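Data first, discussion second: the structure below is written as structure tokens.
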Amino acid sequence: MRSDTLTIGFTPKQTRNPLVRPKGVIALIHIRASRLSKLPPYLFVEIDRLKRAAIAGGRDVIEFGIGDPDLPTHDFIIDRMSNAISDPKNHNYSPSVGCAPFREAAAKYMGERFGVSVDPETEVVSLLGSKEGIGHLPIAIVNPGDVVLVPSPGYPVYTSATIFADGEVHTVPLRAEDGWLPRLDEIPVDVLKRAKLFFLNYPNNPTAACATMDFFEQAVAFGREHDILIAHDCAYADIFFGEPPPSILQVDGAKDTCIEFHSLSKTFNMTGWRVAFATGHAEALAALAAVKSNLDSGMFRAVQMTAVEALKQFNGPNVTEQIAIYRKRIDILLSGLREAGWDVESPPATFFAWVRCPAGFDSMQVASRLLAEADVVVVPGSGFGPTATDFIRFSLTVSESRTQEAIDRIAKLSW
Ligand SMILES: *Cc1c(COP(=O)(O)O)cnc(C)c1O
Numbered sequence: 014m015r016s017d018t019l020t021i022g023f024t025p026k027q028t029r030n031p032l033v034r035p036k037g038v039i040a041l042i043h044i045r046a047s048r049l050s051k052l053p054p055y056l057f058v059e060i061d062r063l064k065r066a067a068i069a070g071g072r073d074v075i076e077f078g079i080g081d082p083d084l085p086t087h088d089f090i091i092d093r094m095s096n097a098i099s100d101p102k103n104h105n106y107s108p109s110v111g112c113a114p115f116r117e118a119a120a121k122y123m124g125e126r127f128g129v130s131v132d133p134e135t136e137v138v139s140l141l142g143s144k145e146g147i148g149h150l151p152i153a154i155v156n157p158g159d160v161v162l163v164p165s166p167g168y169p170v171y172t173s174a175t176i177f178a179d180g181e182v183h184t185v186p187l188r189a190e191d192g193w194l195p196r197l198d199e200i201p202v203d204v205l206k207r208a209k210l211f212f213l214n215y216p217n218n219p220t221a222a223c224a225t226m227d228f229f230e231q232a233v234a235f236g237r238e239h240d241i242l243i244a245h246d247c248a249y250a251d252i253f254f255g256e257p258p259p260s261i262l263q264v265d266g267a268k269d270t271c272i273e274f275h276s277l278s279k280t281f282n283m284t285g286w287r288v289a290f291a292t293g294h295a296e297a298l299a300a301l302a303a304v305k306s307n308l309d310s311g312m313f314r315a316v317q318m319t320a321v322e323a324l325k326q327f328n329g330p331n332v333t334e335q336i337a338i339y340r341k342r343i344d345i346l347l348s349g350l351r352e353a354g355w356d357v358e359s360p361p362a363t364f365f366a367w368v369r370c371p372a373g374f375d376s377m378q379v380a381s382r383l384l385a386e387a388d389v390v391v392v393p394g395s396g397f398g399p400t401a402t403d404f405i406r407f408s409l410t411v412s413e414s415r416t417q418e419a420i421d422r423i424a425k426l427s428w
């Protein structure tokens with residue numbers, strides 16, 4: 014391909030005329046649909062640039078930015094996969110809603126873990142990672158112009174998925190003083206009239222906050238009152254340090270107005286495997302399945318059969334041991350930060366530490382200084398939304414010794 018075809022972005026229509034096209038611009042640049050330009054700008058550009066420059070300059074960068082476990086997939090899962098992959102029965106297309114054993118295992122997990130009863134036939138749909146399901150859900154249920162309520166700070170896919178479905182994003186701010194739970198009574202009535210879908214996520218990325226059952230009860234009542242489907246993203250349900258975080262489906266009648274996303278990615282260090290499921294409201298799942306059946310031809314059956322075994326071990330020794338590893342890392346990070354004078358709270362769940370910036374500095378300034386002066390990468394809260402500019406996120410996906418090294422460097426800085 015000629016290098017000038019790589020120019021990206023939208024150019025005014027008249028430049029499509031070859032006679033008036035500026036030098037170096039050729040017709041292929043118009044290939045991008047205008048909806049792509051509606052995606053929010055990538056806010057970590059500057060930090061990314063600085064990080065790459067530091068690494069290229071040979072500096073010893075410690076990376077707390079990435080939300081992807083550094084630990085390998087648990088051994089018993091690898092063993093099971095080795096068997097499953099050599100069985101020819103696992104080599105063909107499978108239904109995009111998932112094969113029966115996987116859906117039954119997902120239903121069993123919901124029962125054992127949360128005491129929630131779901132029908133594996135009609136109330137479970139397999140997903141190629143929960144991101145896939147979150148991404149396709151608005152296409153399945155949102156009409157052009159419908160409002161989608163999106164929490165901020167939050168996982169960016171809620172917004173991009175809404176844009177791809179020509180929905181309208183209404184940002185719902187989460188604030189530290191509310192324990193990062195949304196104020197439901199703050200959402201304007203005219204917005205509620207047009208709202209079709211509400212994304213929630215607890216345990217939360219990036220704040221690590223957990224929801225109370227009391228909040229989930231309010232959310233379900235709210236969904237029912239305003240005819241809004243609540244889509245609860247529960248990707249971190251099994252990585253917690255105290256009380257097990259609840260499912261929104263534990264609320265009586267929740268299935269009338271909620272679906273929930275579960276993923277094996279974080280619990281079993283399986284991010285690259287792409288295995289997850291959605292459960293709850295049957296019609297919403299059927300709509301999602303209708304989209305999926307036109308786009309994917311099912312999850313690799315060997316992965317599904319392996320996931321059946323993995324799901325049985327959601328509270329098994331491998332997960333317990335992994336939680337203990339995260340806890341040690343958190344202790345090193347947080348006690349180190351506290352000693353250095355930072356105001357920090359322990360996360361109840363997830364592998365994120367959501368840390369308040371030193372007084373007088375915003376998250377961009379703190380992230381830039383940590384990188385420039387300590388070779389430590391964190392994510393500035395401002396990238397997640399305007400109510401998060403006083404916080405930075407550390408992913409605890411760094412070994413104990415490297416976490417200690419980072420702390421030693423951070424402790425030398427004064428603010
Ligand atoms: C990691 C993550 C996901 C995506 O997980 P996959 O199942 O791997 O697609 C979804 N939601 C949140 C909040 C996450 O942090």
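So for the sequence shown, our numbering puts the first residue at 14; every next one is plus one.
C-beta atoms are modelled at their ideal positions from N, C-alpha and C, and glycine is treated no differently.
Values in this document were obtained by computation on a predicted structure and should not be read as measured data.
Beta carbon of residue i: closer than 6 Å to some heavy atom of ligand 1?
i	result
Y106	no
A289	yes
G398	no
K144	yes
N218	yes
T284	yes
D246	yes
Y339	no
Y215	no
Y168	yes
How long is the line joining the alpha carbons of residue i and residue j, rounded to whole angstroms?
i	j	result
V155	V163	14 Å
C370	G71	28 Å
L350	A366	11 Å
A372	P166	20 Å
I91	F253	24 Å
S47	H183	20 Å
F115	V316	9 Å
Q439	V264	The requested residue 439 is not part of the displayed model; the chain covers only 14 to 428.
N331	A248	18 Å
G124	G329	16 Å
E413	F57	26 Å
E136	V321	17 Å
P393	L383	11 Å
R196	I272	20 Å
A387	A267	47 Å
G255	N105	42 Å
G22	F327	Only weak support exists for where G22 lies, its pLDDT of 46 falling under 50; the value from the coordinates is given anyway. Looking at the two C-alpha atoms, the distance is approximately 45 Å.
A224	D403	21 Å
D179	L205	17 Å
N307	S143	18 Å
R126	T284	21 Å
D203	N218	29 Å
I60	A385	10 Å
S395	S109	37 Å
I75	L346	13 Å
R93	P85	15 Å
P54	P216	26 Å
Let me confirm a value: residue i is counted as buried when at least 16 other C-beta atoms fall within 10 Å, else exposed. Which label applies?
i	result
K305	buried
R45	exposed
R342	buried
A380	buried
H294	buried
L49	exposed
R62	exposed
R406	buried
K102	exposed
K425	exposed
P201	exposed
I79	exposed
D132	exposed
G354	exposed
S427	exposed
S99	exposed
D227	exposed
Would you call the CB atoms of residue i and residue j closer than 7 Å?
i	j	result
V138	A302	yes
V170	G148	yes
H245	L213	yes
K64	V390	yes
V129	S310	no
A118	L277	no
I241	A208	yes
M318	A97	yes
T363	R188	no
V411	F77	yes
F274	I243	no
P360	A221	yes
Nearer than 6 Å: is that true of the beta carbon of residue i relative to any heavy atom of ligand 3?
i	result
S276	As far as ligands go, the structure on display features ligand 1 and does not contain ligand 3.
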